[in-house]
Structure formats: C-alpha cells, structure tokens
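Asker: Sequence positions in the sequence shown follow the working numbering and run 182 to 654. All residues carry an ideal CB built from backbone N, CA and C; glycine is no exception. Small disclaimer: the values here were computed from a predicted structure and weren't measured.
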Amino acid sequence: MKNDYLKTPRHLHLAVAAQIFILLSVVIVGCSYTRVEEDVYTLTDIDTTEVQQVHNQPGERDNGVIYPSSRTVVVDRHLTQHDSVVERSYPNFIRLGVFEGIGLIGGQLTGNSTYTGLFGLFYQLDNLLFNKEPEFDSVTLFSGFHYRVGFGEWKLRFFGNDPNWTWGISAFEIIQPDNDVKNRLLGAGVLSIHKRFYFREQIPYFAITPQVSISGAPSPFLNGSVSADLGSIGGLNMRVYMGFIWGVTNYVNGVGVSFPYIGIGTSALDFLNREEELEVEWKYHEHSAWEIGAAEVQFIASTSAQRSVFATDKTGDEKPGITGFNARLLNTRLAIPILDNRLTAGTSIIEFLFIGADEYAVGVLPLRLSYYWQPFGNLFTIEPFSEFSYLPSTFVNLGVRAALPISDNFSIVVTAGYVSGETGSSSNLDATGAPSTTPLTPGVAGLKFSSLYFGFGVSVFDRIFGKKELRYR
182 MKNDYLKTPR HLHLAVAAQI FILLSVVIVG CSYTRVEEDV YTLTDIDTTE VQQVHNQPGE
242 RDNGVIYPSS RTVVVDRHLT QHDSVVERSY PNFIRLGVFE GIGLIGGQLT GNSTYTGLFG
302 LFYQLDNLLF NKEPEFDSVT LFSGFHYRVG FGEWKLRFFG NDPNWTWGIS AFEIIQPDND
362 VKNRLLGAGV LSIHKRFYFR EQIPYFAITP QVSISGAPSP FLNGSVSADL GSIGGLNMRV
422 YMGFIWGVTN YVNGVGVSFP YIGIGTSALD FLNREEELEV EWKYHEHSAW EIGAAEVQFI
482 ASTSAQRSVF ATDKTGDEKP GITGFNARLL NTRLAIPILD NRLTAGTSII EFLFIGADEY
542 AVGVLPLRLS YYWQPFGNLF TIEPFSEFSY LPSTFVNLGV RAALPISDNF SIVVTAGYVS
602 GETGSSSNLD ATGAPSTTPL TPGVAGLKFS SLYFGFGVSV FDRIFGKKEL RYR
C-alpha cells in the first residue's frame, strides 16, 4: 500500500534538519568516550638554611667569662607554594562500537532471499565482486540482514537512577528482510533505549537486553526486540535477537513495512562496560587481546601471478611487480591463556586477499591462529600465523607477519607467506580489473590457486597491547 507520508517540502526540510542535528549529536557525544577528572593540590615547600661562621681576630686576646663569642649563626627560611593538578581518565560510555551484522530469519515479504547468510555477511562472491545475482532460488534460512554502523550507549539516569538503563545512538542502520529494495529501511541517527539484565558479570559478559529503537529519516521505523548478548571480549560479541519492526520505507510515497524476525548477529570493535567499570581508571582496565585494529592494508608481490590487479597492459604481457593487495577490516587477536599467554585466536569481519587478477579470495570471519612474540618489549612484534577461511572463498594462508608500531594507532607491517585455495567465484577479472565475460571453468564455481607472496603495508587505528595489560597476567 502506498502512503503519501510527509509529502510537503516544509515537512521534508524539517525532517532533514532534525536528522542533521541528530547526526551532529552522534559525532559530538561519540567523541567524548573518556571522562577526565582533576584533583588540584596546593603544595607548600619550606626550606631552612643555617650558616655558622667563626671570626677570630688576629693576635692574642683574653677570652674572659663574658667575652663575646666569635661564632655567628645565620638562619635563612624560604616558603614557596604552588599548585599540582592530577588527572584521572575514566571510560565515559556503556557501549561503543563500529559495526554489527545481523542475519534475519523470517520477515520475507515480496522478494526472495538476499543470500547473505549467517550474520548477514556471507554474500555470494559473484554478487559481492561482480554484482551478479545468484543463479539459484533455493530456500535459505536467513532471508535478510540488519547492519548497524557507528553506535554508542550511555548511562540513562531515569527511573530513580535504576542500574543498567542506557540510551543510545546509531549513526546508520539498514534493514532489509529480502532482496526487494522496496522493503528496505534506512535509518540515520537512530535513537534507542536499553535495559540489561546480567547473568554473568565477568568477561565475557552475558546479559538479556530488551530494547526499543526509533528512526526519523530517511525511513521512519520503530524496532522493538529482546537480545541475548555474549561479549565483549577483544571487541567481539555474539547476539541472538527476537523482535518486530514497523516502518515506512520513505517519507514521500513510502511503503509500509512490518514483520517479526529472529536475528543472529556478531559485532567487532564493539566494547562494553558495566556501570561499575565507569569508575575504574583506563590504566587499570584489563584487556583480552594482544592487538585490535580497524584496518590493515598491504600491497602484495606474488611469485606465480601472471597478471596484476593494477595492470595497465590488457594483453597480460606486462611483467607484474605489485600483483595485488590484502585488506583486512576490523581485526582482533584474542590471547589464549597458555604458552605464556602468547598463543592467539583472531579474526576479521572481512578479508580481501588478491594475489593477482585471477587468484583472489574473500574470507568472512576467517580463523587465524598465531604466536605473538615481542623480542624487544612492545617495540616490535613477530607473529607466525596460520589462517583458514571457508566462505565465500576457501583458502589456507600460512606465513609470518612483523609489525612495527609507529604510534598508539599506527603500525608498519610486512608479511611473507604461502596461500592455497579456491576463489569461490565463476568469474574472473580482466586486465582492467573489471569482471571478464568468460567464465573461468564452465560448471565449476571457482579457480584453484596457490602462491608464495610478500606483503608490505600499514595497520591503522591499531593498538598493540603489552603483556602486563592482559587480564590473564
């Protein structure tokens, strides 16, 4: 059913202005993730100097009983006062995160499945890279997805300051129950209210969380749900949702959308504090991961790739130098409390490993096992690793990675390794980087490849922790 919803330009301008105000609030409030308290002390320094001197006159003299002493004593006292300011930094948020992906069960309206799978992240590779629709209409468990990007929660001091109430903002949300874009709901500056009931108050936390969120634009919607939350450990979380969504897809000629759903989600770089932890200084907080980072990008030189992703020679005769790239987004390395806590289990939300134009792989939540060695303290890290991905591409990646931190949020990284796998796609790239019109192998989904490679690049918004900062110490 079509709805002429808020059709006049005046209403649209007011809605846009309100949404801009909300987005500015997200930026301003989201930046204040640390609370600083100051203690001012007045310090008083008292210094007393005593100088004794003896002045003997030359020649003989009769020192009688009342003869004055030749010794003089000079006492000099100094008093100074100055202020001393001591700063203490505390977390200022209950929850702060970058990305959450949720796969939706149920809610399918007028379209087929989006084929995005568990967590709404497991796209078909041909659809992800080449915008090709899947060539099958098989029934899938997960029909849609729900993404949240840039979200935070802060203490809500209503209800008599009852604990574990929070209010939150998401910078952007997209909800799509099926592959019909007419049913898509988009929210910017989505407001929400949450109440957590903790069943486990040690890391990783476990809680049941009823919540309500509301969006004003571009799509007005109301989302009520209850979730079972497990996390946060190294910024990783798992959640199971049950909820109901009602909304209008657009202000003008919008279509009413409503459906119940079950969702299974995961999030990365998503950190949770209990209320008690807001009174603990940052320097005393314990960490579960050796390393947490937003993105790592390396240029790849391969021994076997015949064509570079960046090639300008369409004939493929040009000898490639830099053949590809490796991009890993939202990364973490969780410390395992064995082998001096240096054995790690890590993952990324998504990894793009392009060895060359024809040898490539995409991994969602690949499993990465490694040993974290810091021979010179926190100044340098050497990490032998093994990595495995099952979908959308299947590959095994073995190698050694070295990281040199330049600052608290930036590192230079180099990698040498060997990768073997299958692309999981029925298409390839031509020399310009566009999808080729000729399938690689008719009837076979994916090209098998293997190669030695060397990589050099950077890791940004990356934090490497020291051994003493781990909670297992």
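Using a Cβ-Cβ cut-off of 8 angstroms (strictly less than) and excluding sequence neighbours within five positions of V429, which residues of its own chain qualify?
Answerer: These residues qualify, in order along the chain: N184, Y186, S400, P401, F402, G435, V436, G437 and V438.
Asker: Can you say whether E472 is buried or exposed, counting buried as having 16 or more other CB atoms within 10 angstroms of its CB?
Answerer: Per the 10 Å Cβ criterion, buried.
Asker: Quick one, are the C-beta atoms of L511 and L450 less than 7 angstroms apart?
Answerer: In this structure, L450 lies closer than 7 angstroms to L511 by Cβ.
Asker: Could you give the uninterrupted runs of the alpha helix (DSSP H) lying entirely in the stretch 240–312, keeping only those of 4 residues or more?
Answerer: 306–311, all fully within the stretch 240–312.
Asker: Taking V232 as the reference, which of Y271, K363 and R258 has the closest Cα?
Answerer: Of the listed residues, the one whose Cα sits closest to V232 is R258.
Asker: Quick check on DSSP: helix, strand or coil for F491?
Answerer: Three-state result, F491: coil.
Asker: Kindly indicate which three-state DSSP category N656 falls into: helix, strand or coil?
Answerer: Any property of residue 656 remains undetermined from this structure, which presents the chain solely from 182 to 654.
Asker: So what does T321 bridge to, in DSSP terms?
Answerer: Paired residues: none, contrary to the question.
Asker: Closer than 6 angstroms by C-beta to S294: which residues in its own chain qualify, once you throw out the five before and the five after it? Chain order, please.
Answerer: Answer for S294: T321 and S324, listed in chain order.
Asker: In three-state DSSP terms, what is F340?
Answerer: Looking at F340 - three-state DSSP - the assignment turns out to be helix.
Asker: Within a Cβ cutoff of 8 angstroms, which residues of the same chain sit near Y214, ignoring the five residues on either side of it in sequence?
Answerer: Around Y214: P272, N273, F274, L277 and G333.
Asker: Can you give me the start and stop residues for the beta strand (DSSP E) that Q392 sits inside?
Answerer: Q392 -> beta strand (DSSP E) spans Y386 to S396.
Asker: CA-CA distance, L309 and T513?
Answerer: Approximately 24 angstroms between the Cα atoms of the pair.
Asker: Hey, out of E382, G474 and G341, whose CA is closest to E457's CA?
Answerer: Minimum Cα distance to E457 is reached at E382.
Asker: Who are the Cβ neighbours of V266 in its own chain at under 7 angstroms, not counting the five residues just before and after it?
Answerer: Once the five neighbours on either side are set aside, the close Cβ partners of V266 are E219 and V221.
Asker: Is the Cβ-Cβ distance between T562 and G602 less than 7 angstroms?
Answerer: The answer is no: Cβ separation not under 7 angstroms.
Asker: Find out if the Cβ-Cβ distance for the pair F303, L572 is shorter than 7 angstroms.
Answerer: Cβ atoms of F303 and L572: closer than 7 angstroms.
Asker: Measuring straight from C-alpha to C-alpha, what distance separates N559 and I384?
Answerer: Rounded to whole angstroms, N559 to I384 spans 25 angstroms at the Cα level.
Asker: When the Cα atoms are used, what is the spatial distance from G605 to W346?
Answerer: Those two C-alpha atoms are separated by around 45 angstroms.
Asker: Going by CA-CA distance only, name the one from I374, V330 and F326 that's closest to D361.
Answerer: It is F326.
Asker: Tell me the rounded alpha-carbon separation between I389 and L546.
Answerer: So the alpha carbons of these two residues sit roughly 25 angstroms apart.
Asker: Would you kindly work out how many angstroms separate the C-alpha atoms of T613 and A538, rounded to a whole number?
Answerer: Residue confidence is low: T613 scores 46 on pLDDT, short of 50, so the model does not pin down where it sits. Its coordinate-derived value is still stated next. Their backbone Cα atoms lie some 9 angstroms apart in a straight line.
Asker: Following the continuous beta strand (DSSP E) through W471, name the residue where it begins and the one where it ends.
Answerer: Segment A470 to S483, the beta strand (DSSP E) holding W471.
Asker: Would the beta-carbon of L372 fall within 7 angstroms of that of I395?
Answerer: Their beta carbons are under 7 angstroms apart, which means L372 touches I395 by this criterion.
Asker: Looking at the secondary structure, which residues open and close the beta strand (DSSP E) in which L674 lies?
Answerer: One cannot answer for residue 674 here, as it falls past the ends of the chain, which runs 182 to 654.
Asker: Taking 6 angstroms as the limit between beta carbons, can you name the residues of its chain near P586, skipping five residues before and five after?
Answerer: Within the same chain, P586 has close Cβ partners S592 and I645.
Asker: Bridge partners of S351, per DSSP?
Answerer: For S351, which the question treats as bridged, DSSP gives the partners F332 and V371.
Asker: Under 8 angstroms: do the stretch 486–493 and the stretch 512–530 share three or more Cβ pairs, one atom per stretch?
Answerer: With the cut-off at 8 angstroms, the stretch 486–493 and the stretch 512–530 do not touch.
Asker: Pick from V217, G397 and L299: whose alpha carbon is nearest that of G370?
Answerer: Among V217, G397 and L299, the Cα nearest to that of G370 belongs to G397.
Asker: Between which two residues does the beta strand (DSSP E) containing T525 stretch?
Answerer: Here the beta strand (DSSP E) through T525 covers L524 to F535.
Asker: Could you check which residue in Y465, D589 and S567 has the C-alpha nearest to that of T596?
Answerer: Closest by alpha carbon: S567.
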